[in-house]
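Chemist: Here the working numbering is used: the first residue of the sequence shown is 2, the next is one more, and so on.
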Amino acid sequence: MTEIDKAYKILKENGVVGIPTETVYGLAASIQSQAGINRIFELKERPFFDPLIVHVNSITQAKEYVSNWSPLCELLANHFWPGPLTLILTKKNSISDKITSGLKTVAIRMPSNKKTLELITRLGHPLAAPSANKFTKTSPTKLIDVTSVFPDLFVIDGGKCTVGIESTILEILHNQIKIYRPGMISKQEINTLLSQNNIPATISYHESPIAPGSLKHHYMPKTPIITTLGPLHEQDTSSLPKHLLQKTASWKLPINAAIAAREIYGHFRKLDQQETTSMIIEITPKQRIDDHFKGILNRLFKASSYFLPEDLVEES
Ligand code: AMP
Ligand code: MG
């Protein structure tokens with residue numbers, strides 16, 4: 002029996018499997034299985050108000066489940082799929098309210114991992130899958146990250162995730178594109194595509210209309226993270242609880258955004274296994290304003306307990 006055979010069998014029996022994607026590993030059930038969908042929420046300890054992402058194997062399949070596919074969707078999907086871009090669209094009845102937490106819209110994307118695409122094709126319909134971690138905890142980017150939290154779960158091995166942070170989530174409202182969650186497909190990249198195709202759409206960052214994903218604290222390891230702008234020795238640390246700096250581990254966010262994204266969750270995990278009082282993660286002034294780092298800093302800031310300087314993250 003291959004991994005795909007085994008996963009297929011579990012899904013057919015209303016179960017849940019771990020799937021690799023280029024972003025992070027997912028916890029997947031058939032969109033047709035209410036029991037499977039319920040099990041995802043139960044395993045993740047995820048509140049029912051936090052909707053799941055539907056994973057499809059093609060643009061053709063995506064169109065079967067939504068009612069407002071537009072030429073702009075076609076352009077974005079053609080360019081970025083398979084890839085880390087999730088589109089929010091109006092759902093058809095074949096997508097249950099459980100998946101969308103009662104919303105009329107559904108989040109949909111085509112991942113690029115070959116095994117996961119093969120599984121969706123074999124099943125004949127999409128998979129609903131959030132990230133394979135407990136609610137608000139760090140997302141998994143390797144098989145072992147999933148099995149160490151869910152030892153009884155069958156997980157398809159896709160190696161290390163090549164992107165490393167969750168997808169960019171956006172909604173298209175007429176000629177306005179709203180990014181609800183920044184990711185490695187940046188606003189700049191989408192803008193370039195729009196202008197190359199003479200599309201007069203505007204694109205901007207927005208708070209998600211629903212609370213999840215936009216929770217202030219998320220992706221958090223147990224050991225507190227202190228994010229610093231520049232080296233620690235240049236900071237005024239008087240605002241920090243004293244014990245935090247007793248035994249620190251440090252990591253400089255890599256200058257290359259693709260590498261930084263691929264490594265960030267692995268570093269959160271590594272830190273949690275060390276006996277340190279805090280982890281110092283250093284970013285540069287350039288990274289702070291670089292659009293390519295928007296998704297990475299979004300995750301880092303939500304995972305951080307302290308900031309130096311204290312006003313590094315301005316509340317909007
Ligand atoms: P996860 O797969 O764990 O990253 O979680 C999926 C995230 O997608 C949720 O936390 C939401 O932020 C977002 N999402 C899913 N469905 C919708 C929707 N219909 N509208 C807006 N955001 C959504
Ligand atoms: Mg998640």
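C-beta atoms are modelled at their ideal positions from N, C-alpha and C, and glycine is treated no differently.
What does the Cβ neighbour count give for proline 310, buried or exposed, with the cut at 16 atoms within 10 Å?
Modeler: It is exposed - the Cβ of proline 310 has fewer than 16 other Cβ atoms within 10 Å.
Chemist: Between glutamate 167 and ligand 2, is the CB less than 8 angstroms from at least one heavy atom?
Modeler: Glutamate 167 Cβ: within cutoff of ligand 2.
Chemist: According to the neighbour-count rule (16 or more other Cβ atoms, all chains shown, within 10 Å of its Cβ), is leucine 301 buried or exposed?
Modeler: Leucine 301 is buried by the Cβ-count criterion.
Chemist: Beta carbon of glutamate 4, beta carbon of isoleucine 145: below 9 angstroms?
Modeler: Not closer than 9 angstroms, so no.
Chemist: Confirm the yes/no value for this check: CB of isoleucine 170, any heavy atom of ligand 1, distance under 8 angstroms.
Modeler: Yes, the beta carbon of isoleucine 170 sits closer than 8 angstroms to at least one heavy atom of ligand 1.
Chemist: Is it right to say serine 318 is buried, meaning 16 or more other beta carbons lie within 10 angstroms of its own, or is it exposed?
Modeler: With the chain covering only 2 through 317, there is no way to say anything about residue 318.
Chemist: Identify whether isoleucine 282 lies in helix, strand or coil by the three-state DSSP scheme.
Modeler: Strand, per DSSP.
Chemist: CB tyrosine 66 to CB valine 107, shorter than 9 angstroms?
Modeler: Cβ distance < 9 angstroms, so tyrosine 66 and valine 107 count as in contact.
Chemist: Is serine 305 near ligand 2, going by C-beta to nearest heavy atom under 8 angstroms?
Modeler: It does not: the Cβ of serine 305 is nowhere closer than 8 angstroms to a heavy atom of ligand 2.
Chemist: According to the neighbour-count rule (16 or more other Cβ atoms, all chains shown, within 10 Å of its Cβ), is glutamine 177 buried or exposed?
Modeler: Result: exposed.
Chemist: Whose CA, out of Thr169, Thr61, Leu120 and Val25, lies closest to the CA of proline 131?
Modeler: The shortest Cα separation from proline 131 among Thr169, Thr61, Leu120 and Val25 belongs to Val25.
Chemist: Express the C-alpha separation of methionine 185 and threonine 249 in angstroms, rounding to a whole number.
Modeler: Between threonine 249 and methionine 185, the C-alpha separation is close to 29 angstroms.
Chemist: Would the beta-carbon of asparagine 299 be found less than 8 angstroms away from any heavy atom of ligand 2?
Modeler: Because no heavy atom of ligand 2 lies under 8 angstroms away, the Cβ of asparagine 299 does not count as near it: no.
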